[in-house]
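Residue numbering for the sequence shown follows my numbering, starting at 319 and increasing by one per position. Ideal Cβ positions, reconstructed from N, Cα and C, are used throughout, including at glycine. Every value quoted in this text rests on a predicted model; they were computed, and no experiment measured them.
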Amino acid sequence: MSRPRRIWAHLGDVFYNTVITYVPSHRLRIGALRLWGATVGRDCSVLRGTTVLGIGNLRVGEAVSIGFRCVLDARGGLTIGSNTVIASDTHFISAFHDVHAPDFAAILQPIVVEDYVWLAVRTTVLCGVTIGRGAVVSACSLVRQDVPAMDIVAGVPAVSVGTRRSTLDYRPVFRPLFF
């Protein structure tokens with residue numbers, strides 16, 4: 319990425335995270351994300367206080383609901399499939415540092431969340447993880463490994479606790495006024 323594009327992207331991150339994220343308008347927040355390079359499908363909502371890092375690397379499907387105060391670290395790439403619910407205070411972390419490298423180098427890896435996933439409140443998803451279609455992650459869980467489709471995981475670290483038995487026939491459009 320050229321220097322002017324990096325500066326534009328950085329300014330977009332800063333402006334979004336310090337101003338736009340607190341404006342009580344879904345349309346404005348989604349529009350700003352699109353302006354700075356994110357791909358966001360229709361009928362999505364991003365509630366107030368959500369921080370987005372690496373806006374240009376964010377890909378969101380349709381009818382995705384993202385709760386209050388989430389952290390969407392898309393620096394390594396973050397893809398969120400359609401009809402997905404991400405509850406408040408969920409964190410996606412797409413980078414870490416190599417503690418053995420002399421320069422403490424940052425390592426970026428993508429995160430993929432497939433369609434119809436539900437991430438309950440205060441979930442943390444680490445870099446390099448794929449969460450399969452229809453999977454559910456219980457509240458306060460730490461996802462360090464891939465989650466198979468339709469699996470229900472819980473805990474720190476998250477482990478399988480069951481299998482989801484849903485037809486996945488829903489569209490979770492949630493856009494409350496002023497939120």
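Range covered by the beta strand (DSSP E) that runs through residue i
i	result
alanine 438	Neither: alanine 438 is in no beta strand (DSSP E) and is coded neither H nor E.
arginine 377	376-378
threonine 481	477-481
Nearest neighbour of residue i, chosen from the options [CA to CA]
i	options	result
arginine 352	Phe422, Tyr434, Ser320, Asn375	Asn375
proline 490	Arg393, Ile384, Val337, Val461	Ile384
threonine 442	Asp464, Met468, Gln427, His409	His409
glycine 394	Gly446, Val471, Val382	Gly446
leucine 365	Ala413, Asp407, Pro428, Ser484	Asp407
glycine 480	Ala453, Asp487, Ser343	Ala453
threonine 532	Arg493, Phe497, Ala467	Nothing about residue 532 can be reported from this structure: the residues present for the chain run from 319 to 497 only.
glycine 399	Arg377, Ser412, Asp464	Arg377
glycine 379	Val430, Pro342, Val332	Val430
For residue j and residue i, believed in contact at Cβ under 8 Å, the rounded distance
i	j	result
isoleucine 325	tryptophan 354	Not confirmed; about 12 Å, so no contact.
tyrosine 434	arginine 451	6 Å
Length at least 4, wholly inside the region 387-473: the alpha helix (DSSP H) runs in chain order | Complete alpha helix (DSSP H) runs here, min 4: none at all.
Any 3 or more C-beta pairs closer than 8 Å across the region 467-487 and the region 343-361 = no
May I have a chain-ordered list of the alpha helix (DSSP H) segments no shorter than 4 residues that lie completely inside the region 320-380?
-> 321-336, 344-353
Would you say the region 384-397 touches the region 362-370, given that touching needs at least three Cβ pairs under 8 Å?
-> At 8 Å Cβ cutoff, the stretches touch.
Is it a yes or a no for the region 452-468 touching the region 419-427, going by three-plus beta-carbon pairs under 8 Å?
-> no
Three CB pairs or more closer than 8 Å across the region 433-445 and the region 390-407 = yes
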